[in-house]
Amino acid sequence: MTIIDGKIVSEKIRQDIKKEIEKLGIQPGLAVVIVGEDPASKVYVANKIKGCQQVGIKSFSYALSESTSEEELLELIDSLNNNREVHGILVQLPLPNHLDQAKILERIEVKKDVDGFSAYQMGKLALGQPELTACTPSGVMQLLKEYGIEISGKNAVIIGRSNIVGKPMFFMLMQENSTVTVCHSRTKNIKEICQNADILVAALGRANFVTADMVKQGAVVIDVGINRVDGKLCGDVDFQAVKDKCSFITPVPGGVGPMTITMLLYNTLKAYKLYGK
Ligand code: GUN
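Numbering (this note's numbering), first residue to last: 298 to 574.
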């Protein structure tokens, strides 16, 4: 059994991004917008800004109060859409309840949609013509690639159908020629379906949901979950119970997590190269 080390892969990709930015002599820019005081979101945003500094991306940071109106936020997005120094715009989710998330995200120029959440970028991915793709599933694909894990012809099972992870993950794994099944809260025989998985991606957000009896001997298990239990971080997979059945497994923390921000940096450079200047 091999534990997939997301920190090492992440660091390697960041070095590549840094080198490419230096070689091209360019200055990609990323705007990061956070509304409100959610402590976990604040940590993510701080790490995104730190990541920018590390690779030579100019960051523009906007921390808005919880009471920010929809009009104010839309105005900020419009100004970032028009700012030629900004190649990527990220609005940290979740947003406070009084803000219409879909409306806010729709306002981001698709060429600056480094989250890959827009209808255009999701549509391009679905058509097999990816441009900017969602960061977490992109990070999963990079980990599989880096560890030489074969995807073609394999049975891949995703637990969770979110717009951020499950759906884009489905298209990415299908594009690499696996047979993909998506399970969710209404799936009836989830255990049997998971038992058939060569590659199992857990992205439902429930601590220790995946137990040893759900995992096939020799499976690759990818844990996208970030849950806090008694102040401790844990994934959607019962790591201790499952690990000995796997050929590869990602830990939490230190697996998929570090890749998400790295893919955001990657997308910012890509947005510059595709549409920028
Ligand atoms: N909140 C949790 N994950 C993400 C993400 O990938 N992007 C944004 N914008 N917000 C998030």
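Heads up, the beta-carbon is just placed ideally off N, CA and C, and yes, glycines get one too.
- The DSSP assignment places no complete run of the alpha helix (DSSP H) inside the segment 313–344 (cut-off: 4 residues).
- Remark: the C-beta of T299 is outside contact range of the ligand GUN, defined as less than 7 Å to any heavy atom.
- Shortest gap from the CB of I461 to any heavy atom of the ligand GUN: under 7 Å.
- Taken through DSSP and simplified to helix, strand or coil, D412 comes out as coil.
- At a Cβ-Cβ threshold of 8 Å, C491 and V512 count as neighbours.
- Shown here, G554 sits in a helix according to DSSP, grouped into three states.
- About 6 Å separates the CB atoms of E428 and L571; that is less than 8 Å, so the two are in contact.
- By the Cβ-count criterion, D412 is buried, with 16 or more other Cβ atoms from all chains shown falling within 10 Å of its own Cβ.
- According to the DSSP assignment, A538 belongs to the alpha helix (DSSP H) that extends over 536–539.
- S435 sits in a helix when the DSSP states are folded into three classes.
- Under DSSP, K529 takes part in a beta bridge, and its partners are V526.
- DSSP places S376 inside the alpha helix (DSSP H), whose first and last residues are 367–378.
- It is roughly 6 Å from the alpha-carbon of F357 to the alpha-carbon of V329.
- In the structure shown, T559 adopts helical secondary structure according to DSSP, grouped into three states.
- I546 and S366 have their C-alpha atoms some 43 Å from each other.
- Burial is judged here by how many other beta carbons sit within 10 angstroms of a residue's own beta carbon; H395 has fewer than 16 and is exposed.
- In the structure shown, the three-state DSSP call for V498 is strand.
- If you look at F357, you'll find it isn't in any alpha helix (DSSP H); it sits in the beta strand (DSSP E) that goes 355–361.
- If you ignore the 5 residues before and after E403, its C-beta comes within less than 6 Å of no other C-beta in its own chain.
- For F468, there is no enclosing beta strand (DSSP E); the enclosing alpha helix (DSSP H) covers residues 463–472.
- Judged by their CB atoms, V507 and M466 are not nearer to each other than the 8 Å cut-off.
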